[in-house]
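Data block below; observations after.
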Amino acid sequence: MWLDRNSSGDKWKVRPDGAEKVTGKLRYLTDMKFPDLLYGRVLRSTVPYARILSIDMSAALRSPGVIAVLTYRNIPGLNGFGISTPDQPVFCEHVVRFEGDAVAAVAATSEEAAEHALQLIQVDYEELPILDTPEASLQEGAPLLHKDGNILHQTDYSRGDLEVGFGQCAYVVEETYLTPRQMHTYLETEGGIFVPEDGKLTVYAPTQHGYKDRMQLSRILDMDEERIRVISSPIGGSFGGKDELNVQPYGALLALHCQKPVKMHYSRWESVVAGLKRHPMKVTMKTGMNIEGELIAHQVTILSDTGAYSTLGGPVLNFATEHAVGPYRIAHVDVKGKAVYTNNGVSGEFRGFGGNQVIFALEGQLDRLAEKMNIDPWELRKKNLRKATDLGPMGQRIVPTNGPEQVWEAIKQSPLWEKREASSDSTKPWIKCGIGVSLAMHGSGLGYGIPDHAGGTIRLNKEGKIEVAFGHEEFGQGLLGTLEILMLDHFGCSKEDIHIIIGDTDLVPPSGSSTASRTTNMVWQALNRLKGPFLEALFSKTSQLTGYPKEALRTGLGGIWAESPHKEKPLKQVITYMQLANGTNDFECTTEFHYPVTPDPIMGGHYLYTSTSVIAEVEVNVLTGMVVVKRIDHTVAAGPVINPMGYLGQIEGGSVMALGFTLTEDAVMSSGKYVTKNLDTYLIPTIFDVPEAHYVKAIDELPEGDPFGPRGVGEVGSVALAPAIVSAIKQATGVWVTELPLKPEMLLQQLPVLEEEIAKTPS
Amino acid sequence: MVTTQKIWSPADLNEAWEIQNNLKPGEYCFVSGGTWLRAQWEAKLRKMSSNLISLEKVSEMQEVKEQLSFGKREIVIGSQVTLASCIQSEIIQKYLSPLVKACHRIAAPSIRNQGTIGGNIYTAAGDTLPVFLIFNTKLRWFNGQTIETESLEQWLITLQANNFKRDNRILVDVVIEVEDKENKGDFSFFTKVGRRETFTASLVTVASRGTVDHDGIFRNVLLAASGGPVPIRLSATELELQNQSCSTDLLKIIHKSIMNEFEAITDAFASSNYKKSVVANLLVSELVTRWDQTQGGGCINVAGS
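If you're matching them up, the sequences are chains A and B in order. Note that the working numbering has the first sequence beginning at 54, numbered continuously upward. Note that the working numbering has the second sequence beginning at 3, numbered continuously upward.
See below:
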């Protein structure tokens, strides 16, 4: 089904938060104000690696309007944060390890006073030689950035025997691929308001996991988790970037110290310096196949620049390691990865989670091998695609999936497929056209070995509404719309009969994180588990009050309806939800469960997968090396489509992000400092750079008996576009691109010089 | 603590001059739309002066007009005319279409509604400059006493020679001499290349105008490009083109000449070699296109097609 308004019928719903968003009426957390509000700012090191000799804040403390200046001395609990390993200091004490490291924070009565106070804090540094590449950090004798060394995490997965494998190969391709330090570029930069009250602290700050923030803050503040309330939705975009703590430690410490509400909101400039980025990776692949075109051996090394601190650099590398094998059958495999600390900005969680980098490399290998063998690259993929019940990429058992075969076949329905073989050069001789195709299988959930809790609560609240509460977040992905559709579907009621609570740790149960393309699946599973006991409770009470047998009762518009014994008669409402609630929060049911996980103990290995194929058409201007993507079509095999508009939005949005990853986006660092400090030099695609035509085909059939329902689509739109574009550029120009984002200059260097071309033509 | 700013809004040039004279150098800054300055202030590349002198109330700097001077038609564009007004101006659309295109390619509508022609010129880096160069534009300055005239090209050369130190004259308007009507074979174009297709700073821009006469001979072709220290006219290449017919040999000469003549700057995103190549490629390809348009094609198939 090509997803659009027409094919979706009445499931094409205007999202509940849509009107407020497009009219600007929606108040984000960073729009909030409180009486007696103080403004918080963080003093950042500005030098990438240095020893702190002294910090003098006396002048700042005397400055008008300044209420507090805090440093490492003012942290009651742990001076560190990080979801996986808390190795990032809240405030640096002895050493700063990147230019965004925090040294002090100020609370003042105005933003200007806080800004001025930052300039008055004197920090003396002894600058140290920096490590600005993973290679430099790995050199023997390199200074150790952390006590355990410069390697955050290593992976090593192998099967078969590489030497034997490559011995059987007729074709071998070896190539190194480089990927950029991509920025999430959420519209709403990091921020929040922190309100101390009656021994408690309320945190109004975006995150992708409220309970995790609460735990981390509790550790820093040395304060019981129950005394911290995290309110975290709505969010103006995250894409993984707000999964880790950002403003929270500073706002919380300042608010508790001053006993007044404190607001923090990073400027774009500060967000660039302090915020997470996608891991730049150097991926080297040596891949071989036999004379029949069967993949035999695959050797991969991944070098990941994780920056100064860990956050989720380890799990990202695990993910990259797993996805370096892809949906292909290969007997002899060896994947080794290193995530390395440097004095660069911190890399962390980002939509695609390490998959984007290695999929670009792996699909590039398939295309190059096909060229060597002179075979259609799509046919080469088909020859080597996994079968539905094959083991997963790292030999783990996975839920049977024929997604890769489905998307392989379905992309041929794109109109671009027909054009693929045809010569389609533009009328302008310097515009060259090409079409490329790629394929990927992407895991969802956090993977084996990582707690991946899920759950939810349902009740009939005292206002007479069916209320659900989930510890998930709305950051634009359309969770509210999806929940609304699911609830209306389950209960046959109206939008006015339901109430959804998310993003407030005082009101929602722990549901795990809103990450890893897991949320739709989790709320779908939770509601399926909750529906039975909830209806049982409602119908028992209704039956008791009205005398109708439980079996005859249904939920519907405004209340409980009964079927008459004579089915031809219409249903009759027997009690309203309001009457049933009778002023109480009753009929509450809660569920807790774990995200489905492989039974095989392979750290980070996934169990549920989504598959996608992409076809892209490009135009390359050989005068400038500039590339324009004219059209993209996606097919996605992710099980049933719950919210078509949300699904389409995720694939389109992920795709635009991937377009930036491929063509323009790179947070350039030079000697440990960001060169691209704002959106005038860090270039995301504008609406004019996005192809007008982008169609998405959703394949919703799952293998018979599959109990797991809809798979996630939050990331898969972003993972496979780059190799399709690169393949299209190859078709257009004959040039293989190995470094992203594409550098027009590098492309131009490999194209014939215009002067030479002129010389070749007869006078 | 927080610096107090004063905004001055003089009603005429004399008042503006007086305000300037009463302030010390470094204490004030003239502001047109402020769009370029805001970015500079935010990036801390330039300190915001404690006195900002806005010229938006000076009426003689606000309009686009055409006038006759010694029998020649001139277009006068006040320095405070916004980029958006240039795009909308019927006079500019009629006589200076490459300027309309250049303004269109600058930033987004909200910036074009504020940014002015004067500001775009005064930065010495604006995308309109190559267009003004190919129209032999004259700048008119108020020096406190009178209005003096200086060619844009000379101003740019002097500015670079003086290490970009500006004097205290106020840019009043620009004057461009135009032909009453377009003749057959006349052409003009403007092309910008940035790191993104739209809404981006330029890496290079090129502009040209001239004529291909009925015999297919290039006449009076003016070429300009930016991407170096300041936008420049490519005078040596213009001479190579003069009175020549389009041919493979000519195009080779032109390409080589541009590569030699155009000086570009390497920045974090592109090398000078790349910029030179792009300028040469763009100009050569555009010249071929214009020649083909006037002659019905057949000059050459460029880029191996």
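All C-beta atoms in this analysis are idealised placements derived from N, C-alpha and C, irrespective of residue type, glycine included.
Original post:
Does the segment 398-412 of chain A come close enough to the segment 149-159 of chain A that 3 or more CB-CB pairs lie under 8 Å?
Top reply: A contact exists between the segment 149-159 of chain A and the segment 398-412 of chain A.
Original post:
According to a CB-to-CB cut-off of less than 7 Å, which residues of the segment 680-691 of chain A neighbour chain B?
Top reply: Within the segment 680-691 of chain A, the qualifying residues are 681.
**OP:** Leaving aside the five residues before and after residue 271 of chain B along the sequence, list all residues of the same chain whose C-beta is less than 8 Å from its C-beta, in chain order.
**Re:** Position 269 of the second sequence, counted from the first residue, corresponds to residue 271 of chain B. Only residues of its own chain outside the window of five on either side were considered, and among them 197, 205 have a CB closer than 8 Å to the CB of residue 271 of chain B, listed in chain order.
Original post:
Shortest alpha-carbon distance to residue 216 of chain A belongs to which of A:351, A:264, A:259, A:550?
Top reply: The residue labelled residue 216 of chain A in the question sits at position 163 within the first sequence. For residue 216 of chain A, the closest alpha carbon among the candidates A:351, A:264, A:259, A:550 is that of A:351.
Original post:
Enumerated in chain order, which unbroken segments of the beta strand (DSSP E) with a length of 3 residues or greater are wholly contained in the segment 83-170 of chain B?
Top reply: With a minimum length of 3 residues, the unbroken runs of beta strand (DSSP E) contained wholly in the segment 83-170 of chain B fall at 140-144, 149-153.
Original post:
Is residue 666 of chain A near residue 411 of chain A, with beta carbons less than 8 Å apart?
Top reply: The residue you call residue 666 of chain A lines up with position 613 of the first sequence. The residue you call residue 411 of chain A lines up with position 358 of the first sequence. Against a cut-off of 8 Å, the Cβ pair of residue 411 of chain A and residue 666 of chain A comes out as no contact.
Original post:
Are the C-beta of residue 173 of chain B and some C-beta of chain A separated by less than 8 Å?
Top reply: For the purposes of this step, residue 173 of chain B is taken as the residue at position 171 of the second sequence. No, residue 173 of chain B does not count as interfacial toward chain A.
**OP:** Can you give me the Cβ contacts of residue 286 of chain A inside the same chain, cut-off strictly under 7 Å, excluding the 5 residues immediately before and after it?
**Re:** Along the first sequence, read from residue 1 onward, the residue named residue 286 of chain A stands at position 233. Spatial neighbours of residue 286 of chain A in its own chain (CB-CB distance under 7 Å, excluding positions within 5 residues in sequence) are listed in chain order as 526, 527, 555, 556.
Original post:
How big is the Cα-Cα spacing for residue 716 of chain A and residue 519 of chain A?
Top reply: Stepping through the first sequence from its first residue, residue 716 of chain A is reached at position 663. Stepping through the first sequence from its first residue, residue 519 of chain A is reached at position 466. So the alpha carbons of these two residues sit roughly 47 Å apart.
**OP:** Would you check if the segment 636-654 of chain A and the segment 492-506 of chain A touch, i.e. whether three or more CB-CB distances between them fall below 8 Å?
**Re:** Cβ pair count under 8 Å is three or more, so yes.
**OP:** Report the neighbours of residue 201 of chain B on chain A: residues whose CB is nearer than 8 Å to its CB, in chain order.
**Re:** Translated into positions along the second sequence, residue 201 of chain B becomes position 199. 739, 741, listed in chain order.
Subject >> Cβ-Cβ distance between residue 102 of chain B and residue 119 of chain B below 8 Å >> reply: Sequence index remark: in the second sequence, residue 102 of chain B carries index 100 (1-based). Sequence index remark: in the second sequence, residue 119 of chain B carries index 117 (1-based). In this structure, residue 102 of chain B keeps its C-beta atom at 8 Å or more from the C-beta atom of residue 119 of chain B.
Original post:
Which residue or residues does DSSP assign as beta-bridge partners of residue 55 of chain A?
Top reply: The residue labelled residue 55 of chain A in the question sits at position 2 within the first sequence. According to DSSP, which records beta bridges pairwise, residue 55 of chain A is partnered with A:750.
Original post:
What is the DSSP secondary structure of residue 85 of chain A, counted as helix, strand or coil?
Top reply: As a working note, residue 85 of chain A is residue 32 in the first sequence. If DSSP states are grouped into helix, strand and coil, residue 85 of chain A belongs with coil.
Subject >> Contact set for residue 626 of chain A: own chain, Cβ-Cβ below 6 Å, skip 5 residues either direction >> reply: Mapped onto the first sequence, residue 626 of chain A falls at position 573. Within its own chain, the residues whose Cβ lies closer than 6 Å to the Cβ of residue 626 of chain A, once the five positions on either side in sequence are excluded, are 612, 614, listed in chain order.
**OP:** Would you please state the rounded distance, in angstroms, between the beta carbons of residue 765 of chain A and residue 66 of chain A? I believe it to be under 8 Å.
**Re:** What you label residue 765 of chain A is simply residue 712 of the first sequence in a count that begins at 1. What you label residue 66 of chain A is simply residue 13 of the first sequence in a count that begins at 1. About 19 Å; that fails the 8 Å criterion.
Original post:
CB residue 155 of chain B to CB residue 135 of chain B, shorter than 8 Å?
Top reply: On the second sequence, position 153 is the one that residue 155 of chain B refers to. On the second sequence, position 133 is the one that residue 135 of chain B refers to. In this structure, the beta-carbon distance from residue 155 of chain B to residue 135 of chain B falls below 8 Å.
Original post:
Per DSSP, what kind of secondary structure is residue 324 of chain A in: helix, strand or coil?
Top reply: If you number the first sequence from 1, residue 324 of chain A lands on position 271. In the structure shown, residue 324 of chain A falls within a helical segment according to DSSP collapsed to helix, strand and coil.
Subject >> Range covered by the alpha helix (DSSP H) that runs through residue 311 of chain A >> reply: Along the first sequence, read from residue 1 onward, the residue named residue 311 of chain A stands at position 258. Segment 301-311, the alpha helix (DSSP H) holding residue 311 of chain A.
**OP:** Whole angstroms is fine: what's the gap from residue 187 of chain A's alpha carbon to residue 284 of chain B's?
**Re:** In the first sequence, the residue the question calls residue 187 of chain A occupies position 134. In the second sequence, the residue the question calls residue 284 of chain B occupies position 282. In this structure, the CA atom of residue 187 of chain A is about 39 Å from the CA atom of residue 284 of chain B.
Subject >> Boundaries (first-last residue) of the alpha helix (DSSP H) holding residue 319 of chain A >> reply: Along the first sequence, read from residue 1 onward, the residue named residue 319 of chain A stands at position 266. Segment: none, residue 319 of chain A is in no alpha helix (DSSP H) and carries neither H nor E.
Original post:
What's the C-alpha gap between residue 586 of chain A and residue 426 of chain A?
Top reply: Against the first sequence, residue 586 of chain A aligns to sequence position 533. Against the first sequence, residue 426 of chain A aligns to sequence position 373. Between the alpha carbons of residue 586 of chain A and residue 426 of chain A lies a distance of about 59 Å.
Subject >> Unbroken beta strand (DSSP E) run spanning residue 387 of chain A, endpoints >> reply: Position 334 of the first sequence, counting from 1, holds the residue named residue 387 of chain A. For residue 387 of chain A, the uninterrupted beta strand (DSSP E) segment begins and ends at 385-394.
Original post:
Is residue 180 of chain B closer than 8 Å to residue 75 of chain B when the C-beta atoms are compared?
Top reply: Walking along the second sequence from the start, residue 75 of chain B turns up at place 73. Walking along the second sequence from the start, residue 180 of chain B turns up at place 178. Closer than 8 Å, so yes.
Original post:
Under the rule that 16 or more other beta-carbon atoms within 10 Å means buried, what is residue 451 of chain A, buried or exposed?
Top reply: Residue mapping note: residue 451 of chain A aligns to position 398 of the first sequence, counting from 1. Answer is buried; the Cβ neighbour count reaches 16.
Original post:
Beta-carbon separation of residue 323 of chain A and residue 288 of chain A under 8 Å?
Top reply: Numbered from its first residue, the first sequence carries residue 323 of chain A at position 270. Numbered from its first residue, the first sequence carries residue 288 of chain A at position 235. Contact flag unset, no.
**OP:** Under 8 Å by Cβ, that's how I've got residue 307 of chain A and residue 129 of chain A pegged, so tell me the actual separation to the nearest angstrom.
**Re:** Counting from 1 along the first sequence, the entry for residue 307 of chain A is found at position 254. Counting from 1 along the first sequence, the entry for residue 129 of chain A is found at position 76. In fact, because the Cβ distance is near 13 Å, the residues do not count as touching under 8 Å.
**OP:** Could you list the residues in the segment 241-259 of chain B with a C-beta less than 8 Å from some C-beta on chain D, going in chain order?
**Re:** Considering every chain present, this structure includes no chain D. Its protein chains are A and B.
Original post:
Would you report the Cα separation of residue 84 of chain A and residue 244 of chain A, rounded to the nearest angstrom?
Top reply: Residue mapping note: residue 84 of chain A aligns to position 31 of the first sequence, counting from 1. Residue mapping note: residue 244 of chain A aligns to position 191 of the first sequence, counting from 1. Computed Cα separation, rounded: 9 Å.
Subject >> Backbone CA spacing between residue 552 of chain A and residue 540 of chain A [nearest angstrom] >> reply: As a working mapping, residue 552 of chain A is identified with position 499 in the first sequence. As a working mapping, residue 540 of chain A is identified with position 487 in the first sequence. About 10 Å.
Original post:
Is DSSP giving residue 286 of chain B helix, strand or coil here?
Top reply: Position 284 of the second sequence, counted from the start, is the residue given in the question as residue 286 of chain B. Here residue 286 of chain B sits in helix by DSSP.
**OP:** With a 10 Å radius around its C-beta and 16 neighbouring C-beta atoms as the bar for buried, classify residue 471 of chain A as buried or exposed.
**Re:** The residue you call residue 471 of chain A lines up with position 418 of the first sequence. So residue 471 of chain A counts as exposed.
Subject >> Contact list for residue 195 of chain B against chain A, beta-carbon separation under 8 Å >> reply: As a first step, residue 195 of chain B must be located in the second sequence, where it is residue number 193. Near residue 195 of chain B (Cβ distances below 8 Å), the residues of chain A are 677, 679.
Subject >> Reduced DSSP category for residue 799 of chain A - H, G, I as helix; E, B as strand; rest coil >> reply: Here the question's residue 799 of chain A lines up with position 746 in the first sequence. Helix, per DSSP.
**OP:** Compare the beta carbon distance of residue 233 of chain B and residue 131 of chain B with 8 Å and say whether it is the shorter of the two.
**Re:** Residue mapping note: residue 233 of chain B aligns to position 231 of the second sequence, counting from 1. Residue mapping note: residue 131 of chain B aligns to position 129 of the second sequence, counting from 1. Their beta carbons are under 8 Å apart, which means residue 233 of chain B touches residue 131 of chain B by this criterion.
Subject >> When B:300, B:125, B:58, B:282 are compared against residue 167 of chain B, the one with the closest alpha-carbon >> reply: Position 165 of the second sequence holds residue 167 of chain B. A check of alpha carbon separations from residue 167 of chain B across B:300, B:125, B:58, B:282 identifies B:125 as the nearest.
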